[in-house]
Structure formats: structure tokens, C-alpha cells
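Numbering (the working numbering), first residue to last: 2 to 723. By construction, the Cβ of each residue, glycine as well, lies at the ideal position given by its N, Cα and C atoms. Fair warning: this is a prediction, and the values are worked out from it, not measured in the lab. First the structure, in the form of C-alpha cells, and then the observations on it.
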């Protein structure tokens, strides 16, 4: 922990092939030592390094597996969920053995110390094969199809765009993005056929095929689905050699125990769980479903085609049914269109994988012929992606399951087992009783224990959106107000990553009032996402336009969604929200600049400032209002500014929260919405000193994550959501 947030010198060895992306290069380093001040300390940590280089940087660094480097950069740790419903970076990376992140800027901060480390097999065989695959795909495939194919063949998914990932999830075909057991089956079949064609003895064919499988497993990074499929396929191959039919359940058990004996943390990895549950479901459910399908006559070509289609669907249905609870819990949505999409996608992906392997092999002796195979594959991949995008954007493509708890899986699996064993009365009776018991237990578990609301209370959540603002107000009658939605960049959208998951976790699909305090990126950034994915009834904004791309996106969404738009002006009051009254205290018309071509347009002075009164408890939301606006409010409203809770202006900057303003507000609680390790030095020490002098209880999102309060109109209490 002493390393976190500090600039340090790290010495370590690259232990996986570097991934070059549009924003830089990512690679894993086995940390060996770190320099703190003048002292070099030994460490044993797996570090994920992100290396970025400015355009002006002329230093070229061809990074490779096995290089030992001295890296100068800032250390951080994967963060746990900092908001209810948010993805846990910490759990994901710790399950993969990564404990630290490092950001390195510029080639001058990277020094190669040695290039001879690393295993001989990895350096001489595995990594060259990986790099060869990347080169061939880059040379012969273009667009999004190129990144899709990398994901299919070797599990390199970093280049797949965020909208495409969402389309895969919504359409229920996200499983094809991972290197799966089907790839291993293709590799096993190809090599088994080739070695058999060369008339090798059977034992040599089996051993050679297993060696090829292990090699492919290493090239793909030994991902759990590939390890599982490699072990299971090897068991079946060995069984064929000694003429013993392998039991699929035993084979899966051996595969699971082998993986867990190497790394027990894989048990908590989503990919591990999905992989094994999907295969287990197919092994158990598909034979029963196939038995039902076999009752159909197949005496004509059309009927045979129908039976074949049903069998393809049965595999998808079996896997989907088995993994449905896991998908509901981990991803917060379940695809309703996945069955139809998979009818085309699964065969298409299988064909694409085969074409991909053929292209790689043919390219070794005839790049021209390989290009022809790649062209066919390009067309197939483009059509597949087009269908996935259409399916993912279809109305009712998916169902929100963000309030589905893991404990609900028990009655689901019991009901599933009961459904497929109705023909066995004794078994069905036992499972029917167990199902009734589990359903009764589930009734007493609230839909969302971590953030369950207290009835009849107002709830205000200040979300940790990074360096920005985002708050959600829930009224006792169920109406919802959102004030700002954090920043947006190419790599991060607070609306998507923080605000939307929180709303879904709370079971919220409609926003009654969406307030945009002002059009700066760190407040407006996530708003377009909310407009596109939630039913927003009314939008309140300052009316200050800008020329930014973000503002244009926001304006286009307002037109498309046909939202009611209110321009906030000092002196406005909104009534009728339960026992809550909402007052607009700023901006006045004098703060709005109609000429958007002004070079240094100060958007902070246009911030919407709201005072919310609920019984005896009051909240003051100040946006990024600065000294000028504070002075105007003191002059106009005086004692009316006094509030129980103050959302501190401009992330605690010294340009806000003057001593005169705080003396009038007299907050008991002060919330500072600010990003960790931000480059602005927020919050200002002067502001913290002023707040401490008022005996206000200070809470910061950079230190605590989401900060949630509840009020019955008489008192205000802090909610512990973790």
C-alpha cells in the first residue's frame, strides 16, 4: 500500500506478449524490485503496465516477452466496487493474479536491462506463433472483423470497440468473443486428421494431437475455457487409444480440479464459472432435448433441415439455460433474442474459426492463396457482426436483471431439474418439495440487500464518478431525480460505468427529472448515455450552449428522445414532489453567454444551483458555482442558503466555497465529489480548513466511494451500502 499513488522505479520482466492498442501498449510484468527514494526493495507482484507515448516522443521501443525493464511510473491498485452495482475491478484482476497497475508515460521512462529472460518454449515457439497470428490477421483482415477474428482465434479482445461489446451482450452471443472449447475441438480434429493422413501409428496420432492442443492452449494465454477443453479433449483422445469411453462428468471434474490445483482463485472467475456450467448444462440437458427432437420425422430434406436446426438450437438453449442465473447476476441483463441470434452466429463463428486456421497454415507457403481464404472469412465476419448489431439493437432484445440475487439461482436450478425429470415420478416429487422450500426461502430475501431502501424516506446518493459530479435523489413516492452524470472519454463513460448500473441495481428505469448543472465534460459526460438508455421525462439545464462535440451529442439526444426541457433561472421553484420542494438559486440571466465563440468561456459561472427542502432537512447542490455566483446568491437569498448538507462546489476547488458563503450555509455535512489522484489538487487544503472550522462532517468520494444519505424529513443519516 505504500506504493499506491506514488511515482516509483520498478524492475521486472515482461511475462506475456505486449498488446498494442490505439491508446498505447499494455503488458504484464513480473515485478522483482522497486525503488523507494534511495532504497531498492524486493517485491513479488504481478503488475499490469500501461505504456503511453506522446506524439512528440521519438524514442522507439520494440517490447517483447522476456525483456527485463526498469520502468518509471505511477503505481495504483485495482479498485473494488466504489458504487452499488458497479463492476469490481479488484475481484476481476485478483482472480487473474494481477495485484498492481502501473502507468508509464514516454519512452524515456523505459530502460531495457536484459532480453534473455523467460522460458525457452515461450520465447522460441509460443510467442512467435502468437505474433505470427497477429501479423497474418492484420495483413489480411480489416475493420472490426479483424479484432473479432483475433478474439476468436487467440483470445485477444482488447481492440473490440465498446459499442460492439454491448451489441454482443444484448444479443446474447457474448460467449463467442472468448476462445472456447469449439476452437479446441477444431484444432484437435485438424491435427488428428492430418497425422492420421500421414499414416502415423494411432498412439503417435493421439500424442501429437495432445501436444498440438497444449501448444494452442499456451498461445491463447491458457484461458480457463481452453484449459478445460484441452484437458477434456485429451482425456477423450487417450480414451480412444485404450478403447475406453470417457465419462464426460468425470472429465469435466478432472479439468476443474487441474485448473484449481494450479490457481484456486479461478473458482471465483466469471469465465471459469460460465465455461464449466455451460458445458455441464450441454452434457446433461442436450441428450434429453435431443431425445425429444428425435421423435420428429426426418424423411424429407425439409424435415431433416428442421431437425438439424432444432438440434443446433438445443445446444444453445442448453448452454443458455444453465448459465442464465450466472449471466443475470454478473452482467445484470439476460438476452431475450439470443436463441434466434445463436442459430446463425454459432455455425458462422465455427466456420470462421476453421477458415482462420486454414488461412494461418496456408500463409506459411502461399500468402496469395491465404488472402483468398481470408477474403471469404472477412465477408462472413462482416455479415455476422451486422446480424449481431441488428439483434442487439432490437426492441426488447434483453431483460434487465440487475436486482437478481445469486440465492435466486437455487430455485431456478431445482425447477430446471424438475422440468427435465417429469417422466421420473420419484425424482420429480423430491425436487418439487425442494423447489417449494427454496421458493419460500427466497421470498424472505429482499431484491437488493446491499442498497435496500427504507420505506417512506428520501434517499440521496453522491456517486463516485471520478473527477466529476453525479448524484441520484429518490423520493418516497418512487420518483427519481438525477443531477449530473460524471465525465466521458474514449476509455470511460460514467453514465455507462457508474450511474446506469446504480439505477438498474435500484430497479430504476425512468428518470423523472434529469438536471444538467452546466455543459462541462465532467458533469455532462454521462448524460447522453442516460438519455439513450432510460426513459427521461424532463431535463433541466442552464441553457448555456457550447461548441463541444459532447454538447452536440447531448443536444441531438434531447431532440431524438423528445424530452421536456426547462431552462433553470434563479428564483424558480418546483413544488408537488411529495413533501419535497426544489428551488433554483442560480444562474441568473447575467451569467449566460449567448456567444459560444468566446475563447475562454467560463461554464462554471453558469452552473445550476439547487436547494432541496424535505421537511426540516435541506440539501444545497452547487455544481461548479464559483465565487461570483456565491456572492450573488448571498446578496439575493441570505439566510435562505442555510442547509443541512452542502455538495461542495467545484470539487473543493479554491475558486469556490468562500468563507463568507460557508458562514451563511452553515452545513452539518459537506460532500466533496472528486476523483482519486486528480491532477488539479482537488480538494483545496484551504477549503478543507474552512469546512473543518464549521465542524461540518466532511465526506469525499475519492476516499469513500459512493456517499449515501437517507432522511425522514426530521433527521439525516448516513447509509452504509458496502
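Query raised in the report: Run through DSSP, which three-state label would residue 285 get?
Result: Locating residue 285 in the chain shown gives position 284, counting from the first residue. DSSP places residue 285 in helix when its eight states are reduced to three.
**Report entry** First through last residue of the beta strand (DSSP E) which encompasses residue 724
**Finding:** Because the chain in this structure spans residues 2 to 723, residue 724 falls outside the shown range and cannot be described.
**Report entry** Collapsed DSSP secondary structure at residue 87 in the structure displayed
**Finding:** In the chain shown, counting from the first residue as 1, residue 87 sits at position 86. Three-state DSSP puts residue 87 in coil, outside helix and strand.
Query raised in the report: Ordered along the chain, which non-local residues of its own chain (more than five positions away) have a Cβ less than 7 Å from that of residue 708?
Result: To locate residue 708, count along the chain shown from 1; it is residue 707. So the qualifying residues of the chain are 463, 672, 700 and 702.
Query raised in the report: Between residue 75 and the rest of its own chain, which residues show a CB-CB distance below 6 Å, the 5 nearest in sequence each way excluded?
Result: On the chain shown, position 74 is the one that residue 75 refers to. Result list for residue 75: 8 and 104, in chain order.
Report task. Sort 227, 399, 126 and 87 by Cα distance to residue 167 and report the nearest one. Result -> Taking the chain shown and counting its residues from 1, the one referred to as residue 167 is at position 166. Of the listed residues, the one whose Cα sits closest to residue 167 is 399.
Query - Buried/exposed call for residue 565, threshold 16 Cβ in 10 Å - result: By one-based count along the chain shown, residue 565 stands at place 564. Residue 565 should be labelled exposed.
Requested in this report: For residue 290, count neighbouring Cβ atoms within 10 angstroms of its own Cβ and tell me buried if that reaches 16, exposed if not.
Outcome: Residue 290 sits at position 289 when you count from the first residue of the chain shown. Counting Cβ neighbours within 10 Å, residue 290 comes out buried, since at least 16 surround it.
Report task. Return helix, strand or coil for residue 486, following the three-state DSSP convention. Result -> As a working note, residue 486 is residue 485 in the chain shown. The answer is strand: DSSP assigns residue 486 an E or B state.
Query raised in the report: Are the region 96-114 and the region 466-477 in contact at 8 Å, needing three or more beta carbon pairs?
Result: no
Query raised in the report: Could you give the distance in angstroms between the alpha-carbon of residue 20 and the alpha-carbon of residue 52?
Result: The residue labelled residue 20 in the question sits at position 19 within the chain shown. The residue labelled residue 52 in the question sits at position 51 within the chain shown. Using only the alpha carbons, I get a separation of about 10 Å.
**Report entry** Proximity to residue 543 [Cα-Cα], best of 402, 591, 562 and 410
**Finding:** Translated into the one-based positions of the chain shown, residue 543 becomes position 542. Nearest C-alpha to residue 543: 591.
Query raised in the report: What did DSSP end up calling residue 305 once you bin it into helix, strand or coil?
Result: Reading the chain shown from its first residue, position 304 is the one you call residue 305. Residue state, collapsed to three classes: helix.
Query - For residue 76: DSSP bridge partner residues - result: One-based indexing of the chain shown puts residue 76 at position 75. Bridge partners of residue 76: 103.
Query raised in the report: With DSSP run on the structure shown, which of helix, strand or coil describes residue 159?
Result: Within the chain shown, numbered from 1, the residue matching residue 159 stands at position 158. Coil at residue 159, not helix or strand.
Requested in this report: Compare the Cα-Cα distances from residue 483 to each of 637, 613 and 391 and report the closest residue.
Outcome: Within the chain shown, numbered from 1, the residue matching residue 483 stands at position 482. Among 637, 613 and 391, the Cα nearest to that of residue 483 is on 613.
Requested in this report: Rank 661, 173, 43 and 626 by C-alpha distance to the C-alpha of residue 389 and give the top, closest one.
Outcome: Position 388 of the chain shown, counted from the start, is the residue given in the question as residue 389. For the residues 661, 173, 43 and 626, the minimum Cα distance to residue 389 belongs to 173.
Requested in this report: Tell me, please, which residues DSSP counts as bridged to residue 20.
Outcome: Sequence index remark: in the chain shown, residue 20 carries index 19 (1-based). Its beta-bridge partners are 27.
Requested in this report: Mind reading off the beta-carbon distance from residue 502 to residue 86? Whole number of angstroms is fine, and I expect it under 8 Å.
Outcome: As a working mapping, residue 502 is identified with position 501 in the chain shown. As a working mapping, residue 86 is identified with position 85 in the chain shown. With 8 Å as the limit, residue 502 and residue 86 qualify as a contact, their Cβ atoms being about 4 Å apart.
Query raised in the report: Using CA coordinates, which residue listed in 340, 489 and 539 is at the minimum distance from residue 520?
Result: Against the chain shown, residue 520 aligns to sequence position 519. Comparing Cα-Cα distances from residue 520 to each of 340, 489 and 539, the minimum goes to 489.
Query raised in the report: Can you tell which of 581, 617 and 649 has the C-alpha that lies nearest to the C-alpha of residue 610?
Result: Sequence index remark: in the chain shown, residue 610 carries index 609 (1-based). Cα-wise, what sits closest to residue 610 is 649.
Requested in this report: Return the CA-CA distance between residue 417 and residue 325, expressed in angstroms with no decimal places.
Outcome: Here residue 417 refers to the residue found at position 416 of the chain shown. Here residue 325 refers to the residue found at position 324 of the chain shown. Each residue's Cα considered, the two are about 11 Å apart.
Query raised in the report: Hey, quick one: how far does the beta strand (DSSP E) through residue 565 stretch, first residue to last?
Result: Taking the first residue of the chain shown as position 1, residue 565 is located at position 564. Run containing residue 565: 565-568, per the beta strand (DSSP E) assignment.
**Report entry** Spatial neighbours of residue 461 in its chain, beta-carbon cut-off 6 Å, leaving aside the 5 residues before and after
**Finding:** Position 460 of the chain shown, counted from the start, is the residue given in the question as residue 461. So the qualifying residues of the chain are 474 and 710.
**Report entry** Anticipated Cβ contact below 8 Å, residue 517 with residue 485, distance rounded
**Finding:** If you number the chain shown from 1, residue 517 lands on position 516. If you number the chain shown from 1, residue 485 lands on position 484. Going by Cβ atoms, the distance from residue 517 to residue 485 rounds to 7 Å, so yes, they are a contact pair.
Report task. Apply the 10 Å Cβ neighbour rule to residue 471 and answer buried if 16 or more other Cβ atoms are within range, or exposed otherwise. Result -> Taking the chain shown and counting its residues from 1, one reaches residue 471 at position 470. By the 10 Å Cβ count, residue 471 comes out buried.
Query raised in the report: Which one of 548, 215, 118 and 698 has the shortest CA to CA distance from residue 717?
Result: Mapped onto the chain shown, residue 717 falls at position 716. Comparing Cα-Cα distances from residue 717 to each of 548, 215, 118 and 698, the minimum goes to 698.
Query raised in the report: Can you give the Cα-Cα distance for residue 129 and residue 119, rounded to whole angstroms?
Result: Indexing the chain shown from 1 puts residue 129 at position 128. Indexing the chain shown from 1 puts residue 119 at position 118. Between residue 129 and residue 119, the C-alpha separation is close to 13 Å.
Query raised in the report: Around the C-beta of residue 342, are 16 or more other C-beta atoms found within 10 angstroms, so that it is buried, or is it exposed?
Result: Residue numbering aside, residue 342 sits at position 341 when the chain shown is read from its first letter. Label assigned to residue 342: buried.
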